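Here is the structure we will look at.
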Amino acid sequence: MTLIGGEAAATSDETAIEALVDAFFSAFTTGPDAAARLDDLRRIMLPGATVVRTCGLPAEVYDVESFIAPRLALLTSGEIAEFEEWPEPGRIDVFGDIAHWWGAYGKRWLAGGEVHTGAGMKTMSFVRTHAGWRISSAAWDDER
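If you use the numbering used here, the sequence shown closes out at 295, no skipped numbers anywhere.
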């Protein structure tokens with residue numbers, strides 16, 4: 152981030168990356184457009200992107216398709232309702248054609264008639280392509 156008068160000023164690259172971060176998180180929302188939002192991940196991620204889940208378990212590495220499929224099934228199954236996930240303010244670093252976002256996130260959902268909440272940290276890496284910035288990798292760990 153560029154500092155102007157002691158305040159952070161977002162660059163156009165940072166603004167584009169923030170939009171990708173928001174699109175990534177908003178994909179994980181129940182509702183009638185869940186499939187379309189998850190499908191948008193194919194546009195904002197490189198075809199060879201990896202996503203890694205840790206969460207105190209052995210690391211599980213997904214490619215784009217293996218990441219989307221179980222989330223689509225869960226968000227459209229009716230097993231959970233009112234699921235949403237959102238980023239908290241994070242840090243963006245840009246150098247040339249690579250960038251990184253590091254930040255906290257929250258989530259909440261309804262299952263079995265009870266409200267559940269969670270939080271954790273996510274990291275995302277980005278590369279600039281001829282079509283603009285794309286996610287090249289993401290990893291997360293939930294609070295325990």
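We put the CB at the ideal spot given by N, CA and C, even for glycine. Treat the numbers as computed from the prediction; the structure is a model and nothing was measured.
Backbone CA spacing between residue i and residue j [nearest angstrom]
i	j	result
Leu-223	Ala-185	7 angstroms
Ser-228	Glu-236	17 angstroms
Ala-210	His-281	32 angstroms
Glu-294	Gly-283	33 angstroms
Ala-200	Glu-169	18 angstroms
Ala-290	Cys-206	10 angstroms
Asp-292	Asp-191	23 angstroms
Gly-250	Pro-183	Reading the sequence as shown, one finds Ala at residue 250 and not Gly. Each residue's alpha carbon lies about 32 angstroms from the other.
Met-272	Phe-175	14 angstroms
Gly-269	Val-202	19 angstroms
Leu-154	Leu-171	Low confidence applies to Leu-154: its pLDDT is 37, below 50, so where it sits in the model is not reliable, and the reading given next is rough at best. Computed Cα separation, rounded: 22 angstroms.
Leu-208	Met-196	25 angstroms
Pro-221	Asp-173	20 angstroms
Pro-198	Ala-187	17 angstroms
Glu-265	Ser-177	22 angstroms
Ser-276	Gly-263	35 angstroms
Among the options, the one whose alpha carbon lies nearest that of residue i
i	options	result
Trp-252	Glu-265, Tyr-213, Val-278	Val-278
His-267	Lys-258, Lys-273, Ser-217	Lys-258
Leu-261	Leu-225, Thr-274, Arg-285, Asp-292	Leu-225
Thr-274	Gly-263, Gly-264, Ala-220, Ile-286	Ile-286
Pro-240	Phe-234, Asp-173, Gly-254	Gly-254
Thr-180	Phe-234, Leu-208, Leu-171, Ala-187	Phe-234
Ser-288	Arg-204, Ala-187, Glu-265	Arg-204
Whole-number beta carbon distance between residue j and residue i, since they are thought to touch under 8 angstroms
i	j	result
Tyr-213	Pro-238	Going by Cβ atoms, the distance from Tyr-213 to Pro-238 rounds to 19 angstroms, so no, they are not a contact pair.
Leu-296	Ile-219	In the structure as shown, the chain begins at 152 and stops at 295. Residue 296 is therefore absent and cannot be evaluated.
Val-215	Arg-193	6 angstroms
Proximity test, residue i beta-carbon vs the ligand PLP heavy atom, cut-off 7 angstroms
i	result
Leu-225	Among the components of this structure there are no ligands whatsoever, and the ligand PLP is therefore not found.
Is the number of C-beta pairs between the region 163-177 and the region 240-249 that are closer than 8 angstroms three or more? yes
Within the region 187-253, ranges of the alpha helix (DSSP H) (whole runs, at least 4 residues): 192-195, 215-227
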